[in-house]
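Asks: Quick one: this structure, given as structure tokens, is what I'll be asking you about.
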Amino acid sequence: ESFAREAETWVDLGIHPHVVACWYVRSLGGIPRVFAEYLEGGSLADWIDSKRLYEGGPEKALERILDIAIQFAWGLGYAHEKGLIHQDVKPANVLMTPEGDVKVTDFGLAGARAAVEPGARDEGTRWLGQTGKPGAEVLRSILVSCGGLTPAYCSPEQARKQKLTRRADLWSWAVSVLEMFTGGVGWMSGLAAPDVLATYREEGPEDAALPRMPDGVAELLERSFQADPAARPHDMAEVAKALRETYQKIAGEPYSREEPEAAKLLADALNNRAVSFIDLGRNDQAEKALDQALAADPAHLHATYNQGLLLWRARRMTDEVARTRIREACLAHSDAWEGPYLAAWIEIERGDEEAARSCLGEAECLAGAQEGPQRQIVAASKRVRAGWRCLRTLVGHRDWVHADSQAREDNRREEDLGVQIESVNDVSLTPDGRLAVSGSGDGTLRVWDVATGRCLRTLAGHRWGVCAVSLTPDGRLAVSGGCDKTLWVWDVATGRCLRTLEGHTGEVNDVSLTPDGRLAVSGSGDKTLRVWDVSTGQCLGTLEGHTDGVTAVSLTPDGRLAVSGSADKTLRVWYLDWELVPREPADWDEAARPFLGVFLSCHTPIAEDGVTRRGRASWTDADFDDLYRELQWAGLGWLRKDGVRAELAKMAETWKGPPPLA
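The opening position of the sequence shown corresponds to residue 1 in the numbering used here, with each subsequent residue numbered one higher.
The following block contains the structure:
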């Protein structure tokens, strides 16, 4: 309870461009959880450790450091204006976007940690005034929050457990700025910061690659390190103003960012708070927040949508009224993709798949090449499950319905393709009749050269027998289904399993792939069919209707129709309304970086001293094609090859590789 109460102070901060938004605190399994905004760029501590902060040379790095320090000060200043002292200011509590935007995080959690770790606080503060050699435990603790503070950044008043003011945060902010210029923490306690700064001013940075601290910044830090809090700068606004003046002197132009005004909890913030209340089951409070949001902005799209859905599900509004309101709100935002996108979700809820598809098509046009919106539209398209419907049921069989697939007459072969240990349960053939993949009761698949009858490779992975196999026309990809209730996606050329598809609760009796290998439909003994996005492994939907196990599945070439056969003695014809919207081609996406890292680790030679050489990675075109194939199967095939090559070459210039083996 103490933790939750302390953390709620962060929630009460509201919205600010340089503060990580915290939506709510909730206990799950008896453990309090904080639900907050996510930023993809990592923390400022990560940028310092990885040297990303210093990319582009000292001049560029200096401008970046000043930019971060100013945004950092704005975020803290906003919290101070709201009456909140952070108490654990440090680079690890500053989150970054890839573009360099700064947001301060973990407000109130220092007090929350102290509330649940009183003993840890005592232990963590006892040694701060010592001058002897620290023990191993201290060394491990200086960068870790200890009962409400982090030793390497704490102010004198924190160390002495005195009453804190916002100037305690100012001290810790100054230590964090000092760390950006030194390239890391080389001191045990924040109390040493004034001496570290004095030494730095005399000797300069140890690493020539680091920028030198301007005199204006050094003087500002000296004032911030005054033992008497009253002698420090008055507030973070004064600090930010001084830094902006220094920036203009260094860069030769005014600082480009505008000082943000404290955002009021009006439409956007109130809507976000309402969503938090809904998730917590506090619908009455959510309704009040939405009423206030719409009072501030009557045409607010998200608030209109959320209010309509909330009241409709509570049976206090009809679906037609909810539908009409969101469409009226769309008129006030005719260029916004969110309008038809949210309208589509209303139609999905109503079960009108045709109207939902129309809205999503409009949203797609308005979104253009925007990556984030297109991703959301694709996800919504996959949820139009009402479009997957059984067109007709064919009745007449008196026993189990089975199915098989044949190659074209002119491609038949008579060669003996050898043997497998147990029965061959299924076989799939490429249209040209050159390659076949068979599945056996022994849990393996075999890849065959039909012309010679030679087994090219054996694919092992299923725990029990393989019941079904489907091969793409180009022979590049195979999907197998087994008695172990799973499907496996295989790279036929290498014999490697790319991913496992799980969800069926009975054996997988058959599977069918679209010609492009993007969509698979499986039939199972659990009486259902499942539709899969092969590139991600995501189940797009479950088709129910058979009253006994599904034994056979076949797809039309365009993937729009499926026919299933079942032990219930019927066939069912299904219309599959799916759409995998292609991503707009782009040169780079950060999601691909881990793949390039692994690739460089494999292709960078190691020197005799065990240290990886820099800039000496080498690879062939075939190696790169293998890498690009990996990206395709990871759902990143929309990246242009030239863009990937350029980023790979850039990474290779500074790649140090993994640590040498012990």
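Even for Gly, the Cβ is constructed at its ideal location relative to N, Cα and C.
Predicted model only: the values in this text are computed from it and were never measured.
Who does CYS483 pair with in a DSSP beta bridge?
Replies: The residue you call residue 483 lines up with position 483 of the sequence shown. Beta-bridge pairing links CYS483 to no other residue.
Asks: Here's the rule I'm using: 16 or more other beta-carbon atoms within 10 Å means buried, otherwise exposed. How should GLU364 be labelled?
Replies: Against the sequence shown, residue 364 aligns to sequence position 364. Under this definition GLU364 is a buried residue.
Asks: By Cβ distance, which residues of its chain are closer than 6 angstroms to LEU459, with the 5 residues on each side in sequence left out?
Replies: Stepping through the sequence shown from its first residue, residue 459 is reached at position 459. Around LEU459: LEU445, TRP490 and GLY495.
Asks: If VAL638 sits next to PRO594, beta carbons under 8 angstroms apart, how far is it from one beta carbon to the other, in whole angstroms?
Replies: Position 638 of the sequence shown holds residue 638. Position 594 of the sequence shown holds residue 594. The sequence shown places Trp at residue 638, not Val. Their Cβ separation, rounded to whole angstroms, is 17 angstroms, which puts TRP638 and PRO594 out of contact at 8 angstroms.
Asks: Any idea if VAL437 is buried or exposed, counting beta-carbon neighbours within 10 angstroms, 16 or more meaning buried?
Replies: Residue mapping note: residue 437 aligns to position 437 of the sequence shown, counting from 1. Classification for VAL437: buried.
Asks: Quick one: what's got a C-beta closer than 7 angstroms to ASP568's C-beta in the same chain, skipping five residues either side?
Replies: Residue mapping note: residue 568 aligns to position 568 of the sequence shown, counting from 1. Only HIS546, THR547 and ASP548 meet the Cβ criterion.
Asks: Quick one: measure Cβ to Cβ for VAL87 and LEU164, integer angstroms, because I've assumed they're closer than 8 angstroms.
Replies: The count along the sequence shown starts at 1 and reaches residue 87 at position 87. The count along the sequence shown starts at 1 and reaches residue 164 at position 164. It should be noted that the sequence gives Gln, not Val, for residue 87. Their Cβ separation, rounded to whole angstroms, is 7 angstroms, which keeps GLN87 and LEU164 in contact under 8 angstroms.
Asks: Quick one: what does DSSP say GLY465 is sitting in, helix, strand or coil?
Replies: Your numbering for residue 465 matches position 465 in the sequence shown. Note: GLY465 maps to coil in three-state DSSP.
Asks: Measuring only the C-alpha atoms, how far is PRO205 from GLU37?
Replies: Stepping through the sequence shown from its first residue, residue 205 is reached at position 205. Stepping through the sequence shown from its first residue, residue 37 is reached at position 37. So the two alpha carbons sit approximately 35 angstroms from each other.
Asks: Out of VAL521, ARG167 and LEU342, point me to the one whose CA is closest to SER224's CA.
Replies: Taking the first residue of the sequence shown as 1, we reach residue 224 at position 224. SER224 has its Cα closest to that of ARG167, out of VAL521, ARG167 and LEU342.
Asks: Between MET188 and ASP279, what straight-line distance do the alpha-carbon atoms span, to the nearest angstrom?
Replies: Here residue 188 corresponds to residue number 188 of the sequence shown, with the count starting at 1. Here residue 279 corresponds to residue number 279 of the sequence shown, with the count starting at 1. Taking the straight line from one Cα to the other gives about 43 angstroms.
Asks: What is the DSSP secondary structure of ASN411, reduced to helix, strand or coil?
Replies: Here residue 411 is taken as the residue at index 411 of the sequence shown, counted from 1. Low local confidence applies: a pLDDT of 35 at ASN411 is under 50, so the model's placement there is unreliable, with the coordinate-based value given in what follows. Here ASN411 sits in helix by DSSP.
Asks: I need the straight-line Cα distance from LEU270 to ALA493, nearest angstrom please.
Replies: Counted from its first residue, the sequence shown places residue 270 at position 270. Counted from its first residue, the sequence shown places residue 493 at position 493. Approximately 54 angstroms between the Cα atoms of the pair.
Asks: Under 8 angstroms, do ALA322 and ASP297 count as touching if we go by C-beta distance?
Replies: Your numbering for residue 322 matches position 322 in the sequence shown. Your numbering for residue 297 matches position 297 in the sequence shown. Their beta carbons are not under 8 angstroms apart, which means ALA322 does not touch ASP297 by this criterion.
Asks: Between ASN306 and LEU290, how many whole angstroms is the CB-CB distance? I'm expecting something under 8 angstroms.
Replies: By one-based count along the sequence shown, residue 306 stands at place 306. By one-based count along the sequence shown, residue 290 stands at place 290. ASN306 to LEU290, Cβ: 6 angstroms. Contact.
Asks: So LYS485 packs on GLY506, CB below 8 angstroms; how close in whole Å?
Replies: Within the sequence shown, numbered from 1, the residue matching residue 485 stands at position 485. Within the sequence shown, numbered from 1, the residue matching residue 506 stands at position 506. Right, their Cβ atoms sit about 6 angstroms apart.
Asks: Can you name, in chain order, every residue of its own chain whose Cβ lies under 6 angstroms from the Cβ of GLY559, other than the five neighbours on each side?
Replies: As a position in the sequence shown, residue 559 is number 559, starting the count at 1. Excluding sequence neighbours, GLY559 sits near THR514 and LEU519.
Asks: Hey, how far is the Cα of ASP516 from the Cα of ASP426?
Replies: Within the sequence shown, numbered from 1, the residue matching residue 516 stands at position 516. Within the sequence shown, numbered from 1, the residue matching residue 426 stands at position 426. Each residue's Cα considered, the two are about 21 angstroms apart.
Asks: So, HIS18 versus VAL89, is the Cβ gap smaller than 8 angstroms?
Replies: Indexing the sequence shown from 1 puts residue 18 at position 18. Indexing the sequence shown from 1 puts residue 89 at position 89. Cβ distance not < 8 angstroms, so HIS18 and VAL89 don't count as in contact.
Asks: Could you say which of LYS527, VAL563, LEU487 and GLY482 lies nearest to GLN538 if we only look at CA atoms?
Replies: Residue numbering aside, residue 538 sits at position 538 when the sequence shown is read from its first letter. Per the Cα distances, LEU487.
Asks: Rounded to a whole number of angstroms, what is the C-alpha to C-alpha distance between GLU8 and GLY281?
Replies: Residue numbering aside, residue 8 sits at position 8 when the sequence shown is read from its first letter. Residue numbering aside, residue 281 sits at position 281 when the sequence shown is read from its first letter. Distance between the alpha carbons of GLU8 and GLY281: 17 angstroms.
Asks: Given a cut-off of 8 angstroms on the beta-carbon distance, is the pair PRO98 and GLU40 in contact?
Replies: Your numbering for residue 98 matches position 98 in the sequence shown. Your numbering for residue 40 matches position 40 in the sequence shown. Yes, these two residues count as a Cβ contact at 8 angstroms.
Asks: Using beta-carbon positions only, say whether LEU210 and PRO32 come within less than 8 angstroms of one another.
Replies: As a position in the sequence shown, residue 210 is number 210, starting the count at 1. As a position in the sequence shown, residue 32 is number 32, starting the count at 1. Going by C-beta atoms, LEU210 is not nearer than 8 angstroms to PRO32.
Asks: Cα separation between GLU349 and ALA286?
Replies: The residue you call residue 349 lines up with position 349 of the sequence shown. The residue you call residue 286 lines up with position 286 of the sequence shown. So the alpha carbons of these two residues sit roughly 20 angstroms apart.
Asks: Under 8 angstroms by Cβ, that's how I've got CYS467 and VAL534 pegged, so tell me the actual separation to the nearest angstrom.
Replies: Looking up residue 467 in the sequence shown gives position 467. Looking up residue 534 in the sequence shown gives position 534. At roughly 18 angstroms, the Cβ-Cβ gap does not stay under 8 angstroms, so CYS467 and VAL534 are not in contact.
Asks: Any idea what DSSP makes of GLU544, helix, strand or coil?
Replies: On the sequence shown, position 544 is the one that residue 544 refers to. Three-state DSSP puts GLU544 in a strand.
Asks: Specify the secondary structure class of SER524 as computed by DSSP and reduced to three states.
Replies: Numbered from 1 along the sequence shown, position 524 holds the residue referred to as residue 524. Three-state result, SER524: strand.
Asks: Does the distance from the C-beta atom of LEU170 to that of ARG232 stay below 8 angstroms?
Replies: Taking the sequence shown and counting its residues from 1, one reaches residue 170 at position 170. Taking the sequence shown and counting its residues from 1, one reaches residue 232 at position 232. Yes, the Cβ-Cβ distance between LEU170 and ARG232 is below 8 angstroms.
Asks: Going by the CB atoms, is the gap between SER512 and SER470 shorter than 8 angstroms?
Replies: Position 470 of the sequence shown holds residue 470. Position 512 of the sequence shown holds residue 512. Yes, these two residues count as a Cβ contact at 8 angstroms.
Asks: Quick one, which of SER554, LEU555 and VAL644 has its alpha-carbon nearest ASP589's?
Replies: For this step, residue 589 is matched to residue 589 along the sequence shown. Among SER554, LEU555 and VAL644, the Cα nearest to that of ASP589 belongs to VAL644.
Asks: Quick one: using the 10 Å Cβ neighbour count with 16 as the cut-off for buried, is LEU648 buried or exposed?
Replies: Taking the sequence shown and counting its residues from 1, the one referred to as residue 648 is at position 648. So LEU648 counts as buried.
Asks: To which residues does DSSP link TRP488 through a beta bridge?
Replies: Position 488 of the sequence shown, counted from the first residue, corresponds to residue 488. Bridge partners of TRP488: SER480 and THR500.
Asks: As a quick exercise: from ARG315, ILE346, ALA314 and SER276, pick the residue whose alpha carbon is nearest that of THR304.
Replies: As a working note, residue 304 is residue 304 in the sequence shown. When only C-alpha atoms are compared, the closest one is ILE346.
Asks: Would you mind stating whether ILE663 and PHE181 have Cβ atoms separated by less than 8 angstroms?
Replies: Because the chain is modelled from 1 through 662, residue 663 falls outside the range shown and cannot be assessed.
Asks: Taking the C-alpha atoms as reference points, what is the distance between THR105 and GLY77?
Replies: By 1-based counting over the sequence shown, the position of residue 105 is 105. By 1-based counting over the sequence shown, the position of residue 77 is 77. Looking at the two C-alpha atoms, the distance is approximately 13 angstroms.
Asks: Need the endpoints of the beta strand (DSSP E) that TYR575 sits in, please.
Replies: Locating residue 575 in the sequence shown gives position 575, where the first residue counts as 1. Residues 570-575.
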